[in-house]
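J.: Got a structure for you, questions after.
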């Protein structure tokens, strides 16, 4: 597939990462995995991604901090943050930070695919990466 | 101090078996402040218990030495049976130390016989009553403080649990999704598509149910004393409360009837976790009330009253007896069996509803037990106000 979109999954829970990978691959995405933010930085430095889907809470650097690093490093990639269900404070903080999408765990296949498609649509529309 | 109360005559129960002493006290009260006191004299502990149980008194004047009880035991027995009434002890010269011990254990004051004059007696009674009122208030504040500390600890734990559980739940849900896609062709070939897909559905629905419980537990237990009012859908408030208790209703064979069409699209500004607490508390009360009945059901509905919204929780009970209905919102009042209720649920609920500018009451026109929680849709209080509020 020529236009295969590349997604980087940043998630420290192996089972969750694997289950999400299966879903995304079945939808035709090329999936890269990182088990923490440091690992994610290495991948992002080597490979151009279309979308990063990252957990919020991880050992070491957390999701929002990873997003800040991406902004500082001027890496051109869309960022979707995964938070706990009903975690309004984190969702609000993430929104203030300017992440392009967020999704509450646990989510369905339709929700995650919908979320990815909506950020990719913004890319098609050439919307700016950072919402100020 | 309450000035209003002073105008009403104070009802005094005088437990004193010596007729001379009893008369002296009554004379002193009469000459110092006529019409201020209504005194009833009883001479035995048994009589006092009977009278206190049937009619209200503002204060008990207690002689420690009685025909059927004596010493500290007299005080302790009364105190444990009637913790609400202020007690003033009469002691003789010989048992003053006993009287002091009683004061340490919670009696309001003591007077030594033979050294009492009218003004001192009146002052002692008045102060005793006021001091008892303060004590009750302090107890109430303490228990509410303990309650919110407990909720905060639970909230912290629930938050941690939610995070730990949501990720594995997410893994299950996504994998089930993948499985469904994969077995679709297989199931058709095997000619048992229905069953296979039903199994997948079951796993999926059950997982969603766990997720809802975790979410509700968290919303319910969050310490919200400084949270601003936020928009919440009536339906989601009710569903959160239900999800925390429906399992138990099912076990006990209690039918839970939600009039979901009555929730339709209504939303209110509130502290979500607090309103869930109120609804859950009412639902649990209903559950405890009807659990042993032949006919057991609880109905929840909601009415749009324009500016307000009224939640109605009705159960198959026969209403609340008139003599109890005015006491049910008092702290520590409970009609449940020992160990079942703290007597705090309704008083805390009332506190929460009051802080939302609403009201909570028993609908006495209903032939079943019906509680109504009426809340305004819009709160005038701003975020800044609520942060400034002294709790």
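Protein chains in written order, with the numbering used here: chain A, 213 to 344; chain B, -11 to 379. All C-beta atoms, glycine included, are put in the ideal place defined by N, C-alpha and C.
Helix, strand or coil for residue 357/B, going by three-state DSSP, please let me know.
T.: The residue you call residue 357/B lines up with position 369 of the second chain. In this structure, residue 357/B counts as strand in the three-state DSSP scheme.
J.: If the cut-off is 7 Å on Cβ atoms, which residues from the region 89 to 100 of chain B count as contacting chain A, listed in chain order?
T.: Flagged: no residues at all.
J.: May I ask which residues mark the beginning and end of the beta strand (DSSP E) holding residue 232/B?
T.: The residue given as residue 232/B occupies position 244 in the second chain. That residue, residue 232/B, is in no beta strand (DSSP E); it is neither H nor E in DSSP.
J.: With 8 Å as the threshold, decide whether the Cβ of residue 245/A is near any Cβ in chain B.
T.: As a first step, residue 245/A must be located in the first chain, where it is residue number 33. So no, residue 245/A is outside the interface.
J.: With a CB to CB cut of under 8 Å and the five nearest residues on each side skipped, what residues in its chain are close to residue 335/A?
T.: Position 123 of the first chain, counted from the start, is the residue given in the question as residue 335/A. Counting only Cβ-Cβ distances below 8 Å, and skipping sequence neighbours, we find 262, 290.
J.: Starting from the C-beta of residue 216/A, find all residues in its chain whose C-beta is less than 8 Å away, skip the five residues before and the five after it, and write them out in chain order.
T.: Counting from 1 along the first chain, the entry for residue 216/A is found at position 4. Cβ neighbours of residue 216/A beyond the five flanking positions: 240, 241, 242.
J.: Compile a chain-ordered list of the residues in the region 147 to 174 of chain B whose CB is closer than 7 Å to at least one CB of chain A.
T.: Correct list: 150, 151, 154, 155, 156, 157, 158, 159, 161, 162, 163, 165, 166, 169.
J.: Within 10 angstroms of the Cβ of residue 129/B, are there 16 or more other Cβ atoms? Answer buried if so, exposed if not.
T.: Taking the second chain and counting its residues from 1, the one referred to as residue 129/B is at position 141. With fewer than 16 Cβ atoms within 10 Å of its Cβ, residue 129/B is classed as exposed.
J.: Looking only at C-alpha atoms, which of 301/B, 106/B, 79/B sits nearest to residue 380/B?
T.: Past the edges of chain B, shown from -11 to 379, lies residue 380/B, and the structure says nothing about it.
J.: Counting only Cβ-Cβ distances shorter than 8 Å, please list the residues of the region 257 to 291 of chain A near chain B, keeping chain order.
T.: Under the 8 Å Cβ criterion, the region 257 to 291 of chain A contributes 267, 269.
J.: Please classify residue 158/B: is it buried, with 16 or more other beta-carbons within 10 angstroms of its beta-carbon, or exposed?
T.: Numbered from 1 along the second chain, position 170 holds the residue referred to as residue 158/B. By the 10 Å Cβ count, residue 158/B comes out buried.
J.: Determine the contact status of residue 115/B and residue 127/B, defining contact as a CB-CB distance below 8 Å.
T.: Here residue 115/B corresponds to residue number 127 of the second chain, with the count starting at 1. Here residue 127/B corresponds to residue number 139 of the second chain, with the count starting at 1. No, these two residues do not count as a Cβ contact at 8 Å.
J.: Exposed or buried, what is residue 145/B when buried is set at 16 or more other beta-carbons lying within 10 Å of its beta-carbon?
T.: Within the second chain, numbered from 1, the residue matching residue 145/B stands at position 157. Exposed: under 16 other Cβ atoms inside 10 Å.
J.: Based on Cα-Cα distance, which residue from 284/A, 285/A, 316/A lies nearest to residue 293/A?
T.: As a first step, residue 293/A is located in the first chain; it is residue number 81 there, counting from the start. Here the closest residue by C-alpha is 316/A.
J.: Pick out the complete beta strand (DSSP E) segments inside the region 283 to 319 of chain B, 3 residues or longer, and give them in chain order.
T.: Runs of the beta strand (DSSP E) inside the region 283 to 319 of chain B: 285 to 293, 296 to 303.
J.: Under a three-way DSSP split, which group does residue 242/B fall into?
T.: Numbered from its first residue, the second chain carries residue 242/B at position 254. It is coil, neither helix nor strand.
J.: In or out: residue 330/A buried (at least 16 other Cβ within 10 Å) or exposed?
T.: Counting from 1 along the first chain, the entry for residue 330/A is found at position 118. So residue 330/A counts as exposed.
J.: Closest to residue 132/B by C-alpha separation, out of 311/B, 333/B, 120/B, 108/B, would be which residue?
T.: Taking the first residue of the second chain as position 1, residue 132/B is located at position 144. The residue with the shortest Cα to Cα distance from residue 132/B is 333/B.
J.: I believe residue 16/B touches residue 102/B by the beta-carbon criterion, under 8 Å. Please report the beta-carbon distance rounded to the nearest angstrom.
T.: As a working note, residue 16/B is residue 28 in the second chain. As a working note, residue 102/B is residue 114 in the second chain. With a Cβ gap of about 12 Å, residue 16/B and residue 102/B do not count as contacting.
J.: Can you tell me which of 60/B, 70/B, 94/B, 20/B puts its alpha carbon nearest to the alpha carbon of residue 44/B?
T.: For the purposes of this step, residue 44/B is taken as residue 56 along the second chain, with counting starting at 1. Selected option, being the one with the closest Cα: 70/B.
J.: Please return the same chain residues whose Cβ sits closer than 7 Å to the Cβ of residue 19/B, not counting the five positions on each side in sequence.
T.: In the second chain, the residue the question calls residue 19/B occupies position 31. Excluding residues within five positions, the ones whose Cβ falls inside 7 Å are 106.
J.: To be precise: take each residue of the region 232 to 244 of chain A, compare its Cβ to all Cβ atoms of chain B, and keep it if any distance is under 8 Å. Which residues remain?
T.: Those would be 232, 234, 235, 238, in chain order.
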